[in-house]
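J.:
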Amino acid sequence: MITNQRQRPLDHASSIAVGRASNLDDIALESRPPENVTVWVMRKHSISLGMSPSAKGLEFAIQDCLLPVHAPLIRLSTSGGWLHANVTIEEAERLLGTEYYVYQHSDDEDLEHIACHEKYHLPEQVSKHVEIVTPTLHFDVKPRRVPVQVEKLERRSSASSSAANAHAIGQPGFGTSFLKTKGTLDAEALLSDLAYCDEQIVPDCLRVLYSFNYTFVAPEKNTIAIVEYTPQAYVASDLDLFFSNFSPSQVGERPVLYSIDGGFVQTNQTGFDYNGESNLDLEYSMTLVGLNQKVQLYQAGDDVEGASFNNLLDALDASYCTFEGGDDPEFDSIYPDPYGGYEGPEACGTVTPAYVMSTSYSYNEADLTPAYEERQCAEYAKLGLMGMTILYSSGDDGVAGSDDYCLEPNGTQAIGAPRFNPSFPGTCPYITSVGATQVSPNHTVYEPESACEQVIYSGGGFSNVFAMPSYQKTAVETYLRDYPPPYPPTVYNTSGNSRAFPDISANGANYVVAIQGEYYLVYGTSCSSPVSATIFSAINDARLAVGKGPIGFVNPTIYTSTFMAAFNDITNGTNPGCGTVGFYAEPGWDPVTGVGTPNFEKLVALWLDLP
Numbered sequence: 001m002i003t004n005q006r007q008r009p010l011d012h013a014s015s016i017a018v019g020r021a022s023n024l025d026d027i028a029l030e031s032r033p034p035e036n037v038t039v040w041v042m043r044k045h046s047i048s049l050g051m052s053p054s055a056k057g058l059e060f061a062i063q064d065c066l067l068p069v070h071a072p073l074i075r076l077s078t079s080g081g082w083l084h085a086n087v088t089i090e091e092a093e094r095l096l097g098t099e100y101y102v103y104q105h106s107d108d109e110d111l112e113h114i115a116c117h118e119k120y121h122l123p124e125q126v127s128k129h130v131e132i133v134t135p136t137l138h139f140d141v142k143p144r145r146v147p148v149q150v151e152k153l154e155r156r157s158s159a160s161s162s163a164a165n166a167h168a169i170g171q172p173g174f175g176t177s178f179l180k181t182k183g184t185l186d187a188e189a190l191l192s193d194l195a196y197c198d199e200q201i202v203p204d205c206l207r208v209l210y211s212f213n214y215t216f217v218a219p220e221k222n223t224i225a226i227v228e229y230t231p232q233a234y235v236a237s238d239l240d241l242f243f244s245n246f247s248p249s250q251v252g253e254r255p256v257l258y259s260i261d262g263g264f265v266q267t268n269q270t271g272f273d274y275n276g277e278s279n280l281d282l283e284y285s286m287t288l289v290g291l292n293q294k295v296q297l298y299q300a301g302d303d304v305e306g307a308s309f310n311n312l313l314d315a316l317d318a319s320y321c322t323f324e325g326g327d328d329p330e331f332d333s334i335y336p337d338p339y340g341g342y343e344g345p346e347a348c349g350t351v352t353p354a355y356v357m358s359t360s361y362s363y364n365e366a367d368l369t370p371a372y373e374e375r376q377c378a379e380y381a382k383l384g385l386m387g388m389t390i391l392y393s394s395g396d397d398g399v400a401g402s403d404d405y406c407l408e409p410n411g412t413q414a415i416g417a418p419r420f421n422p423s424f425p426g427t428c429p430y431i432t433s434v435g436a437t438q439v440s441p442n443h444t445v446y447e448p449e450s451a452c453e454q455v456i457y458s459g460g461g462f463s464n465v466f467a468m469p470s471y472q473k474t475a476v477e478t479y480l481r482d483y484p485p486p487y488p489p490t491v492y493n494t495s496g497n498s499r500a501f502p503d504i505s506a507n508g509a510n511y512v513v514a515i516q517g518e519y520y521l522v523y524g525t526s527c528s529s530p531v532s533a534t535i536f537s538a539i540n541d542a543r544l545a546v547g548k549g550p551i552g553f554v555n556p557t558i559y560t561s562t563f564m565a566a567f568n569d570i571t572n573g574t575n576p577g578c579g580t581v582g583f584y585a586e587p588g589w590d591p592v593t594g595v596g597t598p599n600f601e602k603l604v605a606l607w608l609d610l611p
């Protein structure tokens, strides 16, 4: 369908939500009046040597590409690998010998992407110096947020209804979040007795489940951080509402804000989508570490450009800003923001990395290119060697990708496709991927948990990009030998040589969370990751108090037989998706709950014995 709707000015990656089209048959094509588009030109460079692109290539790009259309040069990227200029669509079409259209996803008219039709051209003397021009043929996909599932508590009513699909707010991601409500909460509906942890998880439930009764004693040496992406933001009054019931001494306490690329705690937009994730992460992380230990908040991106995982990593390590050509404007936000947002320089090495960092967002592995993922994964390895423990949620859709997207045989993504769709960075071998468990109905916190099968399913499976790291080889091979999954190679990567995830798990069902002045039940690996982070942070605290260093990258340690025995093995439940029951939780490591849930008392004793 052709319409006369006005096209908004676009930047390199577009401020418009991007649809997951598997091919052009799934996209509605619309032409728009020529207005403005931002063109990025990437010069060729040697990835293997990490060399900067040639100055001569830049000279050709300026003289032969940009000057003919009199495009104003905005800036070079920090890495020197990208040249940024604003031109009109008409000028871009003349420059590249092509036509631009706005593509719209057939399932959601709000999701659209600007691209040219079939091909574009560059002069021969220019093309040999240019790797890519964007936007052109590339249908970039922003990372999909691990959706937080929410049910509003109500004592009397059992009726439920699903809210209309809403775009999840806060970068990375424009996935959808399905919010479920059961009406308002009256005071009697809030259950804090340990006998009701199968219905409502509160901090005391977690303390018993994971033998986690610890007071931080070295807070001046210890650090823990939670990552959020603007406009996702916490609400101070919601923190105090939660603290008033579960940690009264912390009423009035706030996280320590570290702004990255203009990140701020915005208050103009509120609601589940804008506040749910931040409130959940901070209410539980702050309560579990207690009054002594400050929680850092890495708030990334302004409310125009947003931010990506790469933008976060730039702030933690200045060298990453230029590593292998720097960030990719197809996926990453570029600062200063030319569209009225943050006007300061790109954050490069502006934040000292915390010892433990938790992020409750993810991509589908298939959203990105292997080269993009491998570059980012290498940085996680570097940060781990620097002493960081980096945790990511494994996903909430079982063996499927975010929002139940699975893989077609040709690698494209679609709901109802047959092949499992792993998450990223969960499949990066250098982060700790956290799955989800639950207290089974009519069970207590003194009985073994099962894999989460309420509202969400623990993300897990096998990578299509990364090889199996040596540290998990024995555990994963044991699982594949003793409990071989009943699926052919057309359903998942059966090579036996790929990175398997998650690594660990923690409870992810029925969390009581204060949002908008009321309490809700929240579900997801978004719950599991920050809770696990607090436990690792407490282990760091105990070690720092006796003059030892932080535990850093934990995976090689937790996969040893000694440390695996310090986790609560989960042997019940599955993680369905893609038209299957998924994998089964089994003794030892499994692709549903990893090596299990942490037993703090056992783990801290083992880590205190290490140098």
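Residue numbering for the sequence shown follows the UniProt record's numbering, beginning at 1 and increasing consecutively. We treat Cβ as the ideally placed atom computed from N, Cα and C, and that holds for glycine.
(1) Decide if S433 is buried, meaning its Cβ has at least 16 other Cβ atoms within 10 Å, or exposed.
(2) In terms of residues, what are the limits of the beta strand (DSSP E) holding L257?
(3) Under 8 Å between the Cβ atoms of P530 and Y284?
(4) Between the beta-carbon of V439 and the beta-carbon of D198, is there less than 8 Å?
(5) Looking only at C-alpha atoms, which of H443, G341, E324 and G301 sits nearest to A315?
(6) Does the count of Cβ pairs from the region 494 to 506 and the region 516 to 524 closer than 8 Å reach three?
(7) According to the neighbour-count rule (16 or more other Cβ atoms, all chains shown, within 10 Å of its Cβ), is A605 buried or exposed?
(8) Quick one: what does DSSP say I201 is sitting in, helix, strand or coil?
(9) Do you know how far the Cα of N364 is from the Cα of V148?
(10) Below 8 Å between beta carbons: does that hold for P429 and F462?
(11) Got a sec, what are the start and stop residues for the beta strand (DSSP E) G435 sits in?
(12) Judging by CA-CA distance, which residue of E449, T571 and V351 is the nearest neighbour of V227?
(13) Give the straight-line distance between the Cα atoms of S498 and D204, rounded to the nearest whole angstrom.
(14) For the alpha helix (DSSP H) containing A236, name the first residue and the last one.
(15) Cutting at 6 Å between CB atoms, please list the residues of its own chain near G97, excluding the five before and the five after it.
(16) Can V256 and S537 be called in contact, C-beta distance under 8 Å?
(17) Classify P598 as helix, strand or coil using the three-state DSSP reduction.
(18) Could you give the first and the last residue of the continuous beta strand (DSSP E) run that contains S358?
(19) What is the C-beta distance between L282 and L239, in whole angstroms, given that I count them as a contact (C-beta under 8 Å)?
(20) Using the Cα positions of P488 and R419, report the straight-line distance between them to the nearest angstrom.
(21) In the DSSP assignment, find the unbroken beta strand (DSSP E) run with S393 in it and report its ends.
(22) Residues in its own chain within less than 7 Å of P485 by CB, not counting five upstream and five downstream?
(23) Do three or more CB pairs link the region 333 to 348 to the region 390 to 404 at distances below 8 Å?
(24) Among D482, N310 and V133, which has the Cα closest to the Cα of residue 612?
(25) Determine, using beta-carbon pairs with one atom in the region 199 to 218 and one in the region 323 to 340, whether at least three such pairs fall under 8 Å.
(26) Considering only residues of the region 404 to 477, which uninterrupted beta strand (DSSP E) runs meet the minimum length of 3 residues and lie entirely inside it, listed in chain order?
(27) Go ahead and pull the three-state DSSP assignment for E586.
(28) Nearest by alpha-carbon distance to F264: which of Y229, T88 and E253 is it?
(29) Per DSSP, A233 is paired with what?
(30) Alpha carbons only, please: which of T494, N540, S561 and F424 is nearest the one belonging to F553?
(31) According to DSSP, is I570 part of a helix, a strand, or is it coil?
(32) Please report the distance separating the alpha-carbon of residue 630 from that of T270.
(33) Let me know if Y446 comes out buried or exposed under the rule of 16 or more other beta-carbons within 10 Å of its beta-carbon.
(34) Distance, Cα to Cα, G460 vs P123?
(35) Which residues in the same chain as Y380 place their Cβ atom closer than 6 Å to its Cβ, once the five residues preceding and following it in sequence are excluded?
(36) Just how far apart, CA to CA, sit M468 and E601?
T.: So, from the listed chains and residues:
(1) Taking the first residue of the sequence shown as position 1, residue 433 is located at position 433. Result: buried.
(2) Position 257 of the sequence shown holds residue 257. Element bounds for L257: V256 to I260.
(3) By 1-based counting over the sequence shown, the position of residue 530 is 530. By 1-based counting over the sequence shown, the position of residue 284 is 284. Contact: yes.
(4) Residue numbering aside, residue 439 sits at position 439 when the sequence shown is read from its first letter. Residue numbering aside, residue 198 sits at position 198 when the sequence shown is read from its first letter. For V439 and D198, yes; Cβs fall inside 8 Å.
(5) Position 315 of the sequence shown holds residue 315. Shortest Cα-Cα distance from A315 to any of H443, G341, E324 and G301 involves G301.
(6) The region 494 to 506 vs the region 516 to 524: no contact.
(7) In the sequence shown, counting from the first residue as 1, residue 605 sits at position 605. Of the residues assessed, A605 falls on the exposed side of the cut-off, its CB having fewer than 16 other CB atoms within 10 angstroms.
(8) Here residue 201 refers to the residue found at position 201 when the sequence shown is read from its first residue. Strand.
(9) For the purposes of this step, residue 148 is identified with residue 148 of the sequence shown, where counting begins at 1. For the purposes of this step, residue 364 is identified with residue 364 of the sequence shown, where counting begins at 1. For V148, the pLDDT reaches just 48, beneath the cut-off of 50, and the residue's location in the model is therefore unreliable, although a value from the coordinates is still provided. V148 and N364: Cα-Cα distance of roughly 16 Å.
(10) Taking the sequence shown and counting its residues from 1, the one referred to as residue 429 is at position 429. Taking the sequence shown and counting its residues from 1, the one referred to as residue 462 is at position 462. Not in contact: P429 and F462 (Cβ atoms no closer than 8 Å).
(11) On the sequence shown, residue 435 is found 435 positions in, with the first residue counted as 1. Start and end: T432 to Q438.
(12) Position 227 of the sequence shown, counting from 1, holds the residue named residue 227. If we check each option's Cα against that of V227, V351 comes out closest.
(13) As a working note, residue 498 is residue 498 in the sequence shown. As a working note, residue 204 is residue 204 in the sequence shown. CA-CA distance, S498 to D204, rounds to 38 Å.
(14) Indexing the sequence shown from 1 puts residue 236 at position 236. Counting along the chain, the alpha helix (DSSP H) containing A236 begins and ends at A236 to F246.
(15) Residue 97 sits at position 97 when you count from the first residue of the sequence shown. Within the same chain, and ignoring the five residues on either side of G97 in sequence, the residues whose Cβ sits closer than 6 Å to its Cβ are H121.
(16) As a first step, residue 256 is located in the sequence shown; it is residue number 256 there, counting from the start. As a first step, residue 537 is located in the sequence shown; it is residue number 537 there, counting from the start. No; because the gap between Cβ atoms is not below 8 Å, this pair is not in contact.
(17) For the purposes of this step, residue 598 is taken as residue 598 along the sequence shown, with counting starting at 1. Reduced to three states, the DSSP call for P598 is strand.
(18) As a working note, residue 358 is residue 358 in the sequence shown. Unbroken beta strand (DSSP E) run through S358: V356 to T359.
(19) Here the question's residue 282 lines up with position 282 in the sequence shown. Here the question's residue 239 lines up with position 239 in the sequence shown. The Cβ separation is near 6 Å, so the contact holds.
(20) Translated into positions along the sequence shown, residue 488 becomes position 488. Translated into positions along the sequence shown, residue 419 becomes position 419. If I take the Cα positions, the gap works out to 10 Å.
(21) As a working mapping, residue 393 is identified with position 393 in the sequence shown. DSSP places S393 in the uninterrupted beta strand (DSSP E) bounded by T389 to S393.
(22) Indexing the sequence shown from 1 puts residue 485 at position 485. F583, listed in sequence order.
(23) Judged by Cβ distances under 8 Å, the region 333 to 348 makes no contact with the region 390 to 404, as fewer than three pairs qualify.
(24) Outside the shown range of the chain, which is 1 to 611, sits residue 612, and nothing can be said about it.
(25) The region 199 to 218 vs the region 323 to 340: no contact.
(26) Every beta strand (DSSP E) stretch that sits fully inside the region 404 to 477 and reaches 3 residues is listed by chain position as 405 to 407, 413 to 415, 432 to 438 and 461 to 467.
(27) Working through the sequence shown from its first residue, we reach residue 586 at position 586. In this structure, E586 counts as coil in the three-state DSSP scheme.
(28) Counting from 1 along the sequence shown, the entry for residue 264 is found at position 264. Each of Y229, T88 and E253 was checked against the Cα of F264, and the nearest Cα belongs to Y229.
(29) Working through the sequence shown from its first residue, we reach residue 233 at position 233. In DSSP, A233 forms no bridge with anything.
(30) By one-based count along the sequence shown, residue 553 stands at place 553. The shortest Cα separation from F553 among T494, N540, S561 and F424 belongs to N540.
(31) Position 570 of the sequence shown, counting from 1, holds the residue named residue 570. Shown here, I570 sits in coil according to DSSP, grouped into three states, outside any helix or strand.
(32) This structure cannot speak to residue 630, because the chain is shown only from 1 to 611.
(33) The residue labelled residue 446 in the question sits at position 446 within the sequence shown. Exposed.
(34) The count along the sequence shown starts at 1 and reaches residue 460 at position 460. The count along the sequence shown starts at 1 and reaches residue 123 at position 123. For G460 and P123, the distance between alpha carbons rounds to 47 Å.
(35) Taking the first residue of the sequence shown as position 1, residue 380 is located at position 380. The residues I390, C428, Y430 and I431, in chain order, have a CB closer than 6 Å to that of Y380 in the same chain once the five nearest residues on each side in sequence are set aside.
(36) Residue numbering aside, residue 468 sits at position 468 when the sequence shown is read from its first letter. Residue numbering aside, residue 601 sits at position 601 when the sequence shown is read from its first letter. Rounded to whole angstroms, M468 to E601 spans 30 Å at the Cα level.
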